[in-house]
Amino acid sequence: MEIVFIFNGLGNQMSQYALYLSKRNLGCKVRYAYNIRSLSDHNGFELDRVFGITYPNNLFNKCINIIYRLLFANKYLFLVQKMIYVLRQMNVYSIKEKDNYDYDYKILTRHKGIVLYYGGWHSEKYFLSNADIIKDKFRFNISKLNSESLVLYHRLSSLNAVALHVRRGDYMAPEHYNVFGCVCGIEYYKAAIQYIQSQILNPVFIVFSNDIEWVKENITGIQMIFVDFNKKENSWMDMCLMSCCEHNIISNSTFSWWGAWLNNNKNKIVVCPKYFMSNIDTKDIYPESWIKI
Numbered sequence: 005m006e007i008v009f010i011f012n013g014l015g016n017q018m019s020q021y022a023l024y025l026s027k028r029n030l031g032c033k034v035r036y037a038y039n040i041r042s043l044s045d046h047n048g049f050e051l052d053r054v055f056g057i058t059y060p061n062n063l064f065n066k067c068i069n070i071i072y073r074l075l076f077a078n079k080y081l082f083l084v085q086k087m088i089y090v091l092r093q094m095n096v097y098s099i100k101e102k103d104n105y106d107y108d109y110k111i112l113t114r115h116k117g118i119v120l121y122y123g124g125w126h127s128e129k130y131f132l133s134n135a136d137i138i139k140d141k142f143r144f145n146i147s148k149l150n151s152e153s154l155v156l157y158h159r160l161s162s163l164n165a166v167a168l169h170v171r172r173g174d175y176m177a178p179e180h181y182n183v184f185g186c187v188c189g190i191e192y193y194k195a196a197i198q199y200i201q202s203q204i205l206n207p208v209f210i211v212f213s214n215d216i217e218w219v220k221e222n223i224t225g226i227q228m229i230f231v232d233f234n235k236k237e238n239s240w241m242d243m244c245l246m247s248c249c250e251h252n253i254i255s256n257s258t259f260s261w262w263g264a265w266l267n268n269n270k271n272k273i274v275v276c277p278k279y280f281m282s283n284i285d286t287k288d289i290y291p292e293s294w295i296k297i
């Protein structure tokens, strides 16, 4: 049996669930387990609320959660080595993704015993062969959009709309800035906007950000529509609207990554930062056709 752990925000949960689907379609006996401790992080288990993907909080998954907490929580480091030894005697193994998100073809092979997968699994190489299945699972229910989002959704078809995602907020915190927050500065966004302007006529930039005021102060001279009405549990509506734009400028965020990947425009232009994390080569995280700046 193989178990894929699901944790963190919506973008991460989607990548992890996509790996689960790929392994299932390969004929592996696989399950997914949500880290219950993440209920207080971000917006909890969002796959259910957004896509109707349920999570059975049964005894088996509760036991798996205990193993997860012992293996991967820093506060239990003194127990980890002993735990790993005991689990291996029981033919239970853990596989942790590389820090640079490099694709590893061995992840998609069958393994003996019980294997626990811990990681983001953000490279599309893990699920590209099942792209149609993934897109069907991650189909947004437009009828669930709030009134403001629904108005914009219907308006997008009349615009040469470019989703522009600016993630700051949590990325600006001291514990995240040097890894994530310093990657997409104003120079990146200016270069990305200039590239889009060189490729298409009359773009209208649909701005999604957790720091709208920063965008208004630092990005000027272009036509923009600010999306500032989807908060907390409604934040998934931003991803839905991103996917409905003609083109995308994303930040180093799995949230806007999925917004761009789910964009079905065959001629879409997706601009992304060269790095996902500061000074770390994350060559496999972006599809080859995306423009790296």
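In the numbering used here, each residue's number is its place in the sequence shown (first place is 1) plus 4. Note that beta-carbon positions come from the ideal geometry of N, C-alpha and C, so glycine has one too.
Going by C-alpha distance, which of the options is nearest residue i?
i, options, result
"Met228", "Val211, Ile216 and Asp242", "Val211"
"Lys100", "Lys27, Asn134, Val8 and Ser133", "Val8"
"Ser26", "Ile138, Phe11, Leu63 and Cys67", "Ile138"
"Cys249", "Trp262, Met18 and Asn69", "Trp262"
"Met18", "Trp218, Lys102, Met5 and Gly124", "Gly124"
"Tyr24", "Asn69, Asn134, Gly117 and His46", "Asn134"
Please report the residue range of the beta strand (DSSP E) in which residue i lies.
i, result
"His115", "Per DSSP, His115 belongs to no beta strand (DSSP E) and is neither H nor E."
"Arg35", "Val34 to Tyr38"
"Lys100", "Val96 to Lys100"
"Met281", "First-last for Met281: undefined, no H or E at that position."
"Phe209", "Val208 to Ser213"
On the CB-based measure, 16 or more other CB atoms within 10 Å of its CB, does residue i come out buried or exposed?
i, result
"Ile146", "exposed"
"Asp242", "buried"
"Asn62", "exposed"
"Val166", "buried"
"Phe131", "buried"
"Gly31", "exposed"
"Tyr121", "buried"
"Cys244", "buried"
"Val119", "buried"
What do you reckon, are the CB atoms on residue i and residue j nearer than 8 Å?
i, j, result
"Arg53", "Glu237", "yes"
"Tyr105", "Ile289", "yes"
"Tyr38", "Tyr59", "yes"
"Ser293", "Asn267", "no"
"Val275", "Ile200", "yes"
"Gly15", "Phe259", "yes"
"Phe233", "Ile216", "no"
"Asn164", "Asn206", "yes"
"Pro291", "Val187", "no"
"Glu128", "Trp265", "yes"
Starting from residue i, follow the alpha helix (DSSP H) in both directions and report where the run begins and ends.
i, result
"Tyr157", "Ser151 to Leu160"
"Leu25", "Leu14 to Asn29"
Under 7 Å from any heavy atom of the ligand SAM, does the C-beta of residue i make it?
i, result
"Ser133", "As for the ligand SAM, it is missing from this structure, which has no ligand bound."
Please determine if the segment 250-259 and the segment 167-175 are in contact, where contact requires at least 3 C-beta pairs separated by less than 8 Å. Taking a contact to require three or more Cβ pairs closer than 8 Å, the segment 250-259 and the segment 167-175 qualify as touching.
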